[in-house]
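Engineer: Residue numbers (UniProt numbering), protein chains in the order written: chain A, 1 to 459; chain B, 1 to 459.
2 protein chains.
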Amino acid sequence: MTLDVLLSALGAQVVEPGETANPAYLKDWASRCPVTPLAVVRPRSVEEVSRTLEICNEHGLPVVPQGGRTGLAGGAQPLADGVVICLDRMNGAPEIDGQGRVARVQAGVTLEQVQQAAEAQGLLFAVDIGSRGSCEIGGMIATNAGGMRAFRYGMMRQNVLGLEAVLPDGTVVSAMNGFLKNNTGYDLKQLFIGAEGTLGVVTGAVLRLHPAQPARVTALLRVENLARAQQVLDALSLRLPGLSICEVMWPDYYYFASGFRGFDPLPDSADGLTLLIEAEGQEEAGLRGDLQTALEYLFEKELVLDGAISQSLRQTEEFWALRSANEGLNQAFSSIVNFDISLHPEIGDAVVARLNDRLAAASHQLRCLWLGHLGDMNLHLGVVRSSGSEIGPECEALIVDAVITTVLDAGGTISAEHGIGAFKVDYVPKLRSEAEQALSRTLRRALDPKGIMNPGRLF
Amino acid sequence: MTLDVLLSALGAQVVEPGETANPAYLKDWASRCPVTPLAVVRPRSVEEVSRTLEICNEHGLPVVPQGGRTGLAGGAQPLADGVVICLDRMNGAPEIDGQGRVARVQAGVTLEQVQQAAEAQGLLFAVDIGSRGSCEIGGMIATNAGGMRAFRYGMMRQNVLGLEAVLPDGTVVSAMNGFLKNNTGYDLKQLFIGAEGTLGVVTGAVLRLHPAQPARVTALLRVENLARAQQVLDALSLRLPGLSICEVMWPDYYYFASGFRGFDPLPDSADGLTLLIEAEGQEEAGLRGDLQTALEYLFEKELVLDGAISQSLRQTEEFWALRSANEGLNQAFSSIVNFDISLHPEIGDAVVARLNDRLAAASHQLRCLWLGHLGDMNLHLGVVRSSGSEIGPECEALIVDAVITTVLDAGGTISAEHGIGAFKVDYVPKLRSEAEQALSRTLRRALDPKGIMNPGRLF
Ligand SMILES: Cc1cc2nc3c(=O)[nH]c(=O)nc-3n(C[C@H](O)[C@H](O)[C@H](O)COP(=O)(O)OP(=O)(O)OC[C@H]3O[C@@H](n4cnc5c(N)ncnc54)[C@H](O)[C@@H]3O)c2cc1C
Ligand SMILES: Cc1cc2nc3c(=O)[nH]c(=O)nc-3n(C[C@H](O)[C@H](O)[C@H](O)COP(=O)(O)OP(=O)(O)OC[C@H]3O[C@@H](n4cnc5c(N)ncnc54)[C@H](O)[C@@H]3O)c2cc1C
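In structure tokens:
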């Protein structure tokens, strides 16, 4: 019935019944099985988004916004009794304002599109995540995506200056501010950033850009443990102002990655953590010199065990391939249980060791593959079976319980950047106080009184 | 009556009737006349804040939160029929977590206290504003204070990781997150940042700290106009990664400042804008060398007309004294009409020229003293009479109208960092769309259904 209303209001170009929709829309990256919604709506304009929401709101129909469906918390997975509203057609070329250092974009453009458009004008859009080819600005805003450069440039929240969103009742709220400073009342865009599609549909944004640095140098370092890695980072951030990447890989992950890629740039040094670092600057020679000097300092202070500065583009690609080898985990292991945590730096080594021990004690086949964004102590853990075989539901439950209780007991968080989505809803009461939850409900009710937006997700 | 309830609940130590209260609490920095409220409440704990709000809410009594009362929009000025709740007693020593790089503070600590506590551990709290000795963290959060380092480190919003606030009904919402990444639902702290005391009382915060750089070099540069200044900044930000200050002063302001201070470090060069720049780094010699090289580049490209690198601490203080001479404007002129605007860089020169002309045409005695934070194109304008004499109400109205219409016509904003407060409420409909205003009202009603928090302020 509502399907007919949607169809007659928006046309068959925009509204596709769930049964006949392209299967790509029926599943997001991390969810297991496709779900067929009543309809998949793919609006071409903010007016069509508004009309869609208005109709769904009138009929009390659940709405699931979709960006690139690369989310890792199941938040863009369709609901069987609801409508998917996918922004992928709202992807006009980003408008770059070189003087004002901003990009004006529609929500459906991919991260890569924005990065390339900025680069073409000597500018940088600083948020970078592995899913760049598919994830969309709307989805990145809705999840407050973080990634590797967040310790330097911030997450999406710090890189969105203005925003356009459609409220559940169809009202278009345009707050396309382009200024770094504009204190003129509530900063409404903040509501929609990180709200995982529960307060409205993001349709456009003004993104902050930075001047791009043409030169870059990359290195791999081996350090004893996380505490040392932290000291290395501290020393580097003071000595290498252009430092923009500092990723950390634990031995089990590194063995996997170097095996998977078929090379190991640090074969001689003993066990330890591997850091991938990168600095940006005006010209390569100077930058390389600064990095060299900084590394000499690190060796002299015995903070690093081994290290290699990339000498060629090819070698740089190799260093990076080790870091991105996590994308190959799905090939190598038939199941992986993934976690995304933040920890206080002081207890990082202890928590990692505790978890490795706890899971090994549960089953000697379990292996913890740790890697992370060191600058914000955001660690990603993938638990696999060393045989590569499937992890059964019971064992998975055990792993999840072990990781989550250990991290929470240590005062950490179990969603640093991937969000709560559908998967982590049950843990919210452990993460947020009663007063925070009550205030969150108040907000949600105020903006979405009928509760149509992504129900059951976030909380 | 309510006064008695407050007194009996909180005691005479905490609740002072307005008539006998210290006059300091009856006026904020920019408001003209003192206003006597029913009571001045100075709680010593979050529980006392909660109890106060609970009582005021029950009795529908307006509440005005006060920090250091240095706000420039009149938002902390008492209301005659209301209660002032001043946080100045909640000023325990900041707790610095060196490893986690955060400061945990009560809302009543001054900016200077936080800066000093951080510095003592080799860390930097990066927001810096001229009122540092008096303004308090709670007030800075409520106004989303910006200042000189915002182009590099962000405003308060980007430097607050966690927050504790008391809602109008007395509920304490503690969201004292200390992580850079923690995507676990709505980021509730954002509600209170920049809300100017209309959604609750901020009682505590977790602030982000950065590693402090021990060395610093300072320079004054003379450039032809704002467009050139922008090119200079672009060149410097690529060549001097430690660049942390870039303030701009227009000729009329500079003449005043050098006259007021009694020295002029750039006496020989022709008319133009003066930039105060500063870069931070690990050691002074290297930094000085980098600055020297960068300046050579600027001269070679004919981007600057003149320049001087400070050679001593004394000279650095002199350079800075020119920038802070604006604090002496009140002595030199019996009235000043102040503005705080953001403009798109491309039109900066044109708007400044247009306004200078427009006001000169209105009265040849009017002089525009412009200075600003170049990195975010946040300009401060003080309009004075060259004779130093009073600006009458009619003339003031004319000035305000000229500046505001010119800036809005040019697509600028008339409150970059000082906020709306009581003074700019009438302009909100020109700054925000109907949908934004409606959503703002929805939010305010949801959190403060009885409308007790700073009524009449913000909107
Ligand atoms: C290989 C890989 C690497 C990754 N690396 C990172 C990383 O480093 N850091 C990181 O933070 N994440 C990472 N992710 C996760 C993911 O890419 C991000 O969460 C991304 O921001 C999701 O964008 P999307 O467009 O795919 O959103 P989707 O998955 O489509 O949606 C995500 C959520 O946002 C909502 N939503 C989507 N679009 C809108 C809209 N327009 N308006 C309102 N709500 C909307 C959805 O309902 C859902 O709840 C990675 C994922 C993969 C597959
Ligand atoms: C010399 C000078 C230089 C300045 N330079 C700058 C500058 O560069 N950049 C800039 O942004 N500002 C500047 N200001 C303005 C001012 O210092 C800032 O707005 C500052 O953040 C106000 O802090 P405060 O504690 O004095 O707040 P107050 O003036 O006491 O209050 C300001 C507003 O916040 C509310 N409020 C105060 N405390 C709380 C609380 N705990 N909870 C909820 N609401 C609260 C008040 O109700 C009021 O609406 C300057 C002011 C002066 C006098």
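Glycine residues also receive a C-beta, built at the ideal position from the N, C-alpha and C atoms.
Here the structure is a predicted model, which means the values were calculated and not measured.
(1) With a threshold of 8 angstroms, are at least 3 pairs of Cβ atoms found where one atom belongs to the segment 338-352 of chain B and the other to the segment 367-384 of chain B?
(2) Alpha helix (DSSP H) containing Val-405 (chain B): first to last residue?
(3) Ligand 2 and Val-64 (chain B): does the residue's C-beta get closer than 8 angstroms to at least one heavy atom of that ligand?
(4) Using a beta-carbon distance below 9 angstroms, is Thr-442 (chain B) in contact with chain A?
(5) If I measure Cβ to Cβ from Gly-98 (chain B) and keep anything under 6 angstroms in the same chain, skipping five residues before and after, which residues do I get?
(6) Measure from the C-beta of Pro-251 (chain A) to each C-beta in chain B and report whether the shortest distance is under 9 angstroms.
(7) Name the one or two DSSP bridge partners that Asp-81 (chain B) has.
(8) Taking the alpha-carbon of Pro-78 (chain A) as reference, which of A:Leu-161, A:Ala-438, A:Pro-62 and A:Ser-312 has the nearest alpha-carbon?
(9) Which residues, in order along the segment 413-429 of chain B, keep a beta-carbon less than 9 angstroms from a beta-carbon of chain A?
(10) Residues of the segment 389-415 of chain B in Cβ contact with chain A at a cutoff of 7 angstroms, in chain order, please.
(11) Check each residue of the segment 167-179 of chain B: if its Cβ is closer than 9 angstroms to any Cβ of chain A, include it; give the result in chain order.
(12) Looking at Ala-195 (chain B): is its Cβ nearer than 9 angstroms to the Cβ of Met-176 (chain B)?
(13) Exposed or buried, Asp-128 (chain B), counting other C-beta atoms within 10 Å across all chains shown (16 or more means buried)?
(14) So the candidates are A:Asn-22, A:Ile-336, A:Thr-198 and A:Leu-161; which of them puts its Cα closest to the Cα of Arg-104 (chain A)?
(15) Output yes if chain A places a C-beta closer than 9 angstroms to the C-beta of Pro-65 (chain B); else output no.
(16) So, under 8 angstroms CB-CB, Ser-440 (chain B) and Gly-185 (chain A) are touching, yes? Tell me the CB distance rounded to an integer number of Å.
(17) As a quick exercise: from B:Gly-133, B:Asn-57 and B:Gly-412, pick the residue whose alpha carbon is nearest that of Asp-88 (chain B).
(18) By the 10 Å Cβ neighbour count, where 16 or more other Cβ atoms means buried, how is Gly-375 (chain B) classified, buried or exposed?
(19) According to DSSP, is Asp-179 (chain A) helix, strand or coil?
(20) Looking at C-beta atoms only, is the number of pairs between the segment 18-31 of chain A and the segment 62-77 of chain A that lie closer than 8 angstroms three or more?
(21) Just by C-beta distance, which residues in the segment 283-316 of chain B are closer than 9 angstroms to chain A?
(22) Is it right to say Lys-301 (chain A) is buried, meaning 16 or more other beta carbons lie within 10 angstroms of its own, or is it exposed?
(23) Quick one: what's got a C-beta closer than 8 angstroms to Leu-329 (chain B)'s C-beta in the same chain, skipping five residues either side?
(24) Do you know how far the Cα of Gly-138 (chain A) is from the Cα of Met-90 (chain A)?
(25) How about Pro-241 (chain A): is its C-beta nearer than 9 angstroms to some C-beta of chain B?
(26) Taking 9 angstroms as the CB-CB cut-off, is His-380 (chain B) touching chain A?
(27) Along the segment 353-369 of chain A, where does the CB come closer than 7 angstroms to a CB of chain B? Name the residues.
(28) According to DSSP, which residues form a beta bridge with Pro-168 (chain A)?
(29) Can you find a C-beta in chain B that's less than 9 angstroms from the C-beta of residue 466 (chain A)?
(30) For the candidate residues A:Glu-278, A:Asn-159 and A:Cys-86, whose alpha-carbon lies nearest to that of Ala-24 (chain A)?
(31) Taking 8 angstroms as the cut-off, is the CB of Ala-321 (chain A) close to at least one heavy atom of ligand 1?
(32) For Cys-33 (chain A), count neighbouring Cβ atoms within 10 angstroms of its own Cβ and tell me buried if that reaches 16, exposed if not.
(33) Does any C-beta atom of chain A lie closer than 9 angstroms to the C-beta of Arg-432 (chain B)?
(34) Give me the DSSP bridge partner(s) of Pro-65 (chain A).
(35) Which residues in the same chain as Arg-354 (chain A) place their Cβ atom closer than 7 angstroms to its Cβ, once the five residues preceding and following it in sequence are excluded?
(36) Is any non-hydrogen atom of ligand 2 found closer than 8 angstroms to the C-beta of Glu-136 (chain B), if you look at the structure I gave you?
Structural biologist: The answer reads as follows:
(1) yes
(2) What sits at residue 405 (chain B) in the sequence shown is Thr, not Val. Segment 393-409, the alpha helix (DSSP H) holding Thr-405 (chain B).
(3) yes
(4) yes
(5) Gln-121
(6) no
(7) According to DSSP, which records beta bridges pairwise, Asp-81 (chain B) is partnered with nothing at all.
(8) A:Pro-62
(9) Thr-413, Ile-414, Ser-415, Ala-416, Glu-417, His-418, Gly-419, Ile-420, Lys-424, Tyr-427 and Val-428
(10) Thr-413 and Ser-415
(11) Leu-167, Thr-171, Val-172, Val-173, Ser-174, Ala-175, Asn-177, Gly-178 and Phe-179
(12) no
(13) buried
(14) A:Leu-161
(15) no
(16) 6 angstroms
(17) B:Gly-133
(18) buried
(19) The question names Asp, but residue 179 (chain A) in the sequence shown is Phe. The answer is coil: DSSP assigns Phe-179 (chain A) none of H, G, I, E or B.
(20) yes
(21) none
(22) exposed
(23) Phe-256, Ile-336, Leu-369, Gly-382 and Val-384
(24) 10 angstroms
(25) yes
(26) no
(27) none
(28) Pro-168 (chain A) is not bridged to any residue.
(29) Outside the shown range of chain A (1 to 459) lies residue 466 (chain A), about which nothing can therefore be said.
(30) A:Cys-86
(31) no
(32) exposed
(33) yes
(34) A:Ile-85
(35) Thr-406
(36) yes
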